[in-house]
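As you go down the protein sequences, you meet chains A and B in turn.
So for the first sequence, the UniProt record's numbering puts the first residue at 1; every next one is plus one.
So for the second sequence, the UniProt record's numbering puts the first residue at 1; every next one is plus one.
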Amino acid sequence: MTIDGTTEVDEGGAGRTDPADLRSGLPIPGDDLARLRVRLATRANDEALVDVGHRTVDSPLGPLLVAVTERGIVRIAFERQGFDAALEELATRIGARVLEDPARTDPVARQLDEYFDGRRRAFELPVDHRLAHGFRALVQAALPDIPFGTTTSYGELARVVGRPGAARAVGTACATNPVPIVVPCHRVLRADGSAGGYAGGEAAKRLLLALERRA
Amino acid sequence: MRTPFDRAVRAHGETVLRVCRASLGATADAEDAWSETFLAALRAWPELPDDSNVEAWLVRVAQRKCIDIVRARAHVAIPVAELPERPSTIGRPGVRDLDLWDAVAALPERQRLAVSAHHLAGLTHAETAALIGGTPDAARRACADGIRTLRRRAAREDPLAEGTGHGSRGRASPRTSTGMSTTPGSRTTVNTNTKASTDTKASTSNAPAVTRAAGEGTTGTEEDAR
Numbered sequence: 001m002t003i004d005g006t007t008e009v010d011e012g013g014a015g016r017t018d019p020a021d022l023r024s025g026l027p028i029p030g031d032d033l034a035r036l037r038v039r040l041a042t043r044a045n046d047e048a049l050v051d052v053g054h055r056t057v058d059s060p061l062g063p064l065l066v067a068v069t070e071r072g073i074v075r076i077a078f079e080r081q082g083f084d085a086a087l088e089e090l091a092t093r094i095g096a097r098v099l100e101d102p103a104r105t106d107p108v109a110r111q112l113d114e115y116f117d118g119r120r121r122a123f124e125l126p127v128d129h130r131l132a133h134g135f136r137a138l139v140q141a142a143l144p145d146i147p148f149g150t151t152t153s154y155g156e157l158a159r160v161v162g163r164p165g166a167a168r169a170v171g172t173a174c175a176t177n178p179v180p181i182v183v184p185c186h187r188v189l190r191a192d193g194s195a196g197g198y199a200g201g202e203a204a205k206r207l208l209l210a211l212e213r214r215a
Numbered sequence: 001m002r003t004p005f006d007r008a009v010r011a012h013g014e015t016v017l018r019v020c021r022a023s024l025g026a027t028a029d030a031e032d033a034w035s036e037t038f039l040a041a042l043r044a045w046p047e048l049p050d051d052s053n054v055e056a057w058l059v060r061v062a063q064r065k066c067i068d069i070v071r072a073r074a075h076v077a078i079p080v081a082e083l084p085e086r087p088s089t090i091g092r093p094g095v096r097d098l099d100l101w102d103a104v105a106a107l108p109e110r111q112r113l114a115v116s117a118h119h120l121a122g123l124t125h126a127e128t129a130a131l132i133g134g135t136p137d138a139a140r141r142a143c144a145d146g147i148r149t150l151r152r153r154a155a156r157e158d159p160l161a162e163g164t165g166h167g168s169r170g171r172a173s174p175r176t177s178t179g180m181s182t183t184p185g186s187r188t189t190v191n192t193n194t195k196a197s198t199d200t201k202a203s204t205s206n207a208p209a210v211t212r213a214a215g216e217g218t219t220g221t222e223e224d225a226r
């Protein structure tokens, strides 16, 4: 039995009730809340109320935030980019009905697992390109054409998209790829063969390239 | 609102579930009320003004959903002055000893709803009355009666804790003691400290309310809180 200071209000008016006292005597198990959150996501999906479903998945590159819309995968974020910031951007740019959703993000999580295990060379996932615009979107659309296990250079990719000389802009497009790993911006290197920048850090980029060479 | 909705679920999910369980017991109905509350919130979220008090809004929605469920259960839409008292049939798996949840569940329905609405959902007595029927004064009385019963029960149940772990543990973690302070002046406190091993998880956020009681230093004594 646990009661904390449920001081009365109405006996002669001298008392004072602090709701925190009653609340502290009525604990809620965290497991119950976790279960209810999962059920909420299911029902919200059934009623098509979710703009963005997300979860975090573990990977050799550290935790990744995975976000999907009804159109497909819309965002993968590295921990160093800030998951809260990524979710806020999604809420602002796509819709504020952002909900943790293990079920809808499961296919992405499974394919990422297979990729990191060396059992998958290509992702079969619809991609929602809404976060990309203009030239960046053009470059990002060309990235999946770079085969698994191979690399190209910023300058070469600039030629492919019809803007020879725009290597620097191509670099920016790669750096702002909203769906790294699945859209393989890590396969684009500097002209001298060095890795170049990466949203997940240069070490992460090298790890991905090594993984693809091994597989 | 332009912030991610699941921040509201994380921040207020616990408070809303407390309101639902206080009103309906630890039942499937309470969980339905919780789900319905957040689904309604999710629907309304994009249109909700950015400066809204989200918690206040959520708990009011929850309290209304709970009362809808109570009415549906009873198949009676007419509010009555007092429902007959009956023993609680609500068990709580995993919790052995009698705790405040059981005491709340055993309250007569109107008292339980009034306590939940006023003390957990933060409604005024007038708002409570609008939901459960009757006058604001009647809601106030139901609420006070409920709180009084909870305090009496705390005093009555305390002897059960006799000899089951009195000592210094109650001071180490405020949450492990059970304190019930009364109106200023009496400085009477009832403490039990049998939950030291089971409730550690809940200890952090709840400390301030009980620190005072634990600090009274009456750990292990049994006194009528009144």
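The beta carbon of each residue, even a glycine, is placed where N, CA and C say it ideally should be.
Worksheet item: When DSSP labels each residue in this structure, what does Val50 (chain A) get in the three-state scheme?
Response: Start at 1 with the first residue of the first sequence, and residue 50 (chain A) comes out as number 50. It is coil, neither helix nor strand.
Worksheet item: Considering only residues of the same chain and omitting the five flanking positions on each side of Glu114 (chain A), which have a CB-CB separation below 8 angstroms?
Response: Walking along the first sequence from the start, residue 114 (chain A) turns up at place 114. Here the set comprises Arg120.
Fill in: Listed by chain order, chain B residues near Leu28 (chain A) by CB distance under 7 angstroms
Within the first sequence, the letter at position 28 stands for residue 28 (chain A). The residue asked about is misnamed: residue 28 (chain A) is Ile in this sequence, not Leu. Those within 7 angstroms of Ile28 (chain A) in chain B are Glu14, Leu17, Arg18.
Fill in: 8 angstroms CB neighbourhood of Ile73 (chain A) in its chain, flanking five on each side removed
Your numbering for residue 73 (chain A) matches position 73 in the first sequence. Closer than 8 angstroms at the Cβ level, and outside the excluded window around Ile73 (chain A), lie Val66, Ala67, Val108, Leu125, Pro126, Val127, Asp128, Val179, Val182.
Item to complete: Compile a chain-ordered list of the residues in the segment 43-75 of chain A whose CB is closer than 9 angstroms to at least one CB of chain B.
Response: Arg43, Ala44, Glu47, Leu49, Val50, Asp51, Val52, His54
Fill in: N-terminal and C-terminal residue of the beta strand (DSSP E) that residue 220 (chain A) is part of
This structure cannot settle anything about residue 220 (chain A), because the visible part of chain A is limited to 1 through 215.
Worksheet item: Which residue or residues does DSSP assign as beta-bridge partners of Val68 (chain A)?
Response: Your numbering for residue 68 (chain A) matches position 68 in the first sequence. In DSSP, Val68 (chain A) forms a bridge with A:Gly53, A:Ile73.
Worksheet item: Which residue or residues does DSSP assign as beta-bridge partners of Val98 (chain A)?
Response: Within the first sequence, the letter at position 98 stands for residue 98 (chain A). DSSP lists A:Val52 as partners of Val98 (chain A).
Item to complete: Could you list the residues in the segment 124-138 of chain B with a C-beta less than 7 angstroms from some C-beta on chain A, going in chain order?
Response: none
Practice prompt. Let me know if Asn53 (chain B) comes out buried or exposed under the rule of 16 or more other beta-carbons within 10 Å of its beta-carbon.
Written response: As a working note, residue 53 (chain B) is residue 53 in the second sequence. That one is exposed.
Worksheet item: Within 10 angstroms of its Cβ, does Thr104 (chain A) collect 16 or more other Cβ (buried), or is it exposed?
Response: Your numbering for residue 104 (chain A) matches position 104 in the first sequence. Inspection of the sequence shows that residue 104 (chain A) is occupied by Arg rather than by Thr. Label assigned to Arg104 (chain A): buried.
Worksheet item: From A:Arg214, A:Ser24, A:Ala158, A:Leu138, pick the residue whose C-alpha is nearest to that of Asn177 (chain A); which is it?
Response: As a first step, residue 177 (chain A) must be located in the first sequence, where it is residue number 177. The shortest C-alpha separation from Asn177 (chain A) is found at A:Leu138.
Practice prompt. Output yes if chain B places a C-beta closer than 9 angstroms to the C-beta of Arg97 (chain A); else output no.
Written response: Along the first sequence, one-based indexing puts residue 97 (chain A) at 97. Interface residue, yes.
Discussion item. Let's test the definition: count the other Cβ atoms within 10 Å of the Cβ of Asp29 (chain B) and tell me whether it reaches 16, buried, or not, exposed.
Written reply: The sequence position of residue 29 (chain B) within the second sequence is 29, counting from 1. By the neighbour-count rule (16 or more Cβ atoms within 10 Å), Asp29 (chain B) is buried.
Worksheet item: In the structure shown, what three-state DSSP assignment does Val127 (chain A) receive?
Response: Residue 127 (chain A) sits at position 127 when you count from the first residue of the first sequence. In the structure shown, Val127 (chain A) sits in a strand (DSSP, three-state: E or B).
Fill in: Under the three-state DSSP convention, the category Thr150 (chain A) falls into
On the first sequence, position 150 is the one that residue 150 (chain A) refers to. Three-state DSSP puts Thr150 (chain A) in coil, outside helix and strand.
Worksheet item: Starting from Val9 (chain B) and walking both ways along the alpha helix (DSSP H), at which residues does that stretch end?
Response: On the second sequence, residue 9 (chain B) is found 9 positions in, with the first residue counted as 1. Where Val9 (chain B) is concerned, the enclosing alpha helix (DSSP H) stretches over 5-24.
Discussion item. I need the straight-line Cα distance from Val57 (chain A) to Pro102 (chain A), nearest angstrom please.
Written reply: Walking along the first sequence from the start, residue 57 (chain A) turns up at place 57. Walking along the first sequence from the start, residue 102 (chain A) turns up at place 102. Their Cα atoms are separated by approximately 10 angstroms.
Worksheet item: Taking the alpha-carbon positions, what's the Leu150 (chain B) to Val50 (chain A) distance?
Response: As a first step, residue 150 (chain B) must be located in the second sequence, where it is residue number 150. As a first step, residue 50 (chain A) must be located in the first sequence, where it is residue number 50. Straight-line Cα distance between these residues: approximately 41 angstroms.
Worksheet item: Where does Leu189 (chain A) fall in DSSP's three states?
Response: Indexing the first sequence from 1 puts residue 189 (chain A) at position 189. In this structure, Leu189 (chain A) counts as strand in the three-state DSSP scheme.
Worksheet item: Which residues of chain A have a Cβ atom closer than 8 angstroms to the Cβ of Ala106 (chain B), listed in chain order?
Response: In the second sequence, residue 106 (chain B) corresponds to position 106, counting from 1. Per Cβ cutoff of 8 angstroms: no residues; Ala106 (chain B) is ~12 angstroms from chain A at best.
Discussion item. Nearest by alpha-carbon distance to Glu31 (chain B): which of B:Arg18, B:Arg152, B:Ala130, B:Gly134 is it?
Written reply: For the purposes of this step, residue 31 (chain B) is taken as residue 31 along the second sequence, with counting starting at 1. The shortest Cα separation from Glu31 (chain B) among B:Arg18, B:Arg152, B:Ala130, B:Gly134 belongs to B:Arg18.
Practice prompt. Take every Cβ of the segment 132-146 of chain B, pair it with every Cβ of the segment 103-117 of chain B, and state whether three or more of those distances are shorter than 8 angstroms.
Written response: yes
Discussion item. Quick check: what's the CA-CA separation for Leu26 (chain A) versus Phe38 (chain B)?
Written reply: Sequence index remark: in the first sequence, residue 26 (chain A) carries index 26 (1-based). Sequence index remark: in the second sequence, residue 38 (chain B) carries index 38 (1-based). Cα to Cα, the separation comes out at about 21 angstroms.
Item to complete: Using beta-carbon positions only, say whether Ala62 (chain B) and Ala33 (chain B) come within less than 9 angstroms of one another.
Response: For the purposes of this step, residue 62 (chain B) is taken as residue 62 along the second sequence, with counting starting at 1. For the purposes of this step, residue 33 (chain B) is taken as residue 33 along the second sequence, with counting starting at 1. Taking 9 angstroms as the Cβ cut-off, Ala62 (chain B) and Ala33 (chain B) qualify as a contacting pair.
Worksheet item: Just how far apart, CA to CA, sit Thr17 (chain A) and Arg23 (chain A)?
Response: By one-based count along the first sequence, residue 17 (chain A) stands at place 17. By one-based count along the first sequence, residue 23 (chain A) stands at place 23. Its pLDDT being 48, under 50, Thr17 (chain A) is placed unreliably in this model, and the value from its coordinates should be taken loosely. Whole-angstrom Cα-Cα distance: 11 angstroms.
Worksheet item: Mind checking if Ser52 (chain B) is an interface residue toward chain A, Cβ cutoff 9 angstroms exclusive?
Response: Within the second sequence, residue 52 (chain B) is the residue found at index 52, counting from 1. So, not an interface residue.
Fill in: Tyr198 (chain A) in three-state terms, based on DSSP
Position 198 of the first sequence, counting from 1, holds the residue named residue 198 (chain A). In the structure shown, Tyr198 (chain A) sits in coil (DSSP, three-state: anything other than H, G, I, E or B).
Practice prompt. Decide if Gly165 (chain A) is buried, meaning its Cβ has at least 16 other Cβ atoms within 10 Å, or exposed.
Written response: Here residue 165 (chain A) is taken as the residue at index 165 of the first sequence, counted from 1. Gly165 (chain A) is exposed by the Cβ-count criterion.
Item to complete: Please confirm if Ala28 (chain B) has its CB atom under 9 angstroms from at least one CB of chain A.
Response: For the purposes of this step, residue 28 (chain B) is taken as the residue at position 28 of the second sequence. Output row for Ala28 (chain B): interface = no.
Practice prompt. Specify the secondary structure class of Asp58 (chain A) as computed by DSSP and reduced to three states.
Written response: Taking the first sequence and counting its residues from 1, the one referred to as residue 58 (chain A) is at position 58. Residue state, collapsed to three classes: coil.
Worksheet item: Quick one: what's got a C-beta closer than 7 angstroms to Pro136 (chain B)'s C-beta in the same chain, skipping five residues either side?
Response: In the second sequence, the residue the question calls residue 136 (chain B) occupies position 136. Here the set comprises His125, Ala126, Ala129.
Worksheet item: Comparing the C-beta of Arg37 (chain A) with each C-beta of chain B, is any distance below 9 angstroms?
Response: Locating residue 37 (chain A) in the first sequence gives position 37, where the first residue counts as 1. Yes, because at least one Cβ of chain B sits closer than 9 angstroms to the Cβ of Arg37 (chain A).
Fill in: Partner residues on chain A for Pro4 (chain B), Cβ-Cβ distance less than 9 angstroms
As a first step, residue 4 (chain B) must be located in the second sequence, where it is residue number 4. Residues of chain A passing the Cβ test: Val52, His54, Asp84, Leu87, Glu88, Leu90, Ala91, Ala96, Arg97, Val98, Leu99.
Worksheet entry | Distance between Leu112 (chain A) and Ala167 (chain A) (C-alpha atoms, nearest Å) | The residue you call residue 167 (chain A) lines up with position 167 of the first sequence. The residue you call residue 112 (chain A) lines up with position 112 of the first sequence. The alpha-carbon atoms of Ala167 (chain A) and Leu112 (chain A) are separated by roughly 29 angstroms.
Worksheet item: Would Ser35 (chain B) pass as a contact of Leu40 (chain A) if the rule is Cβ separation under 9 angstroms?
Response: On the second sequence, position 35 is the one that residue 35 (chain B) refers to. On the first sequence, position 40 is the one that residue 40 (chain A) refers to. It is a contact, given that the beta carbons lie within the stated cut-off.
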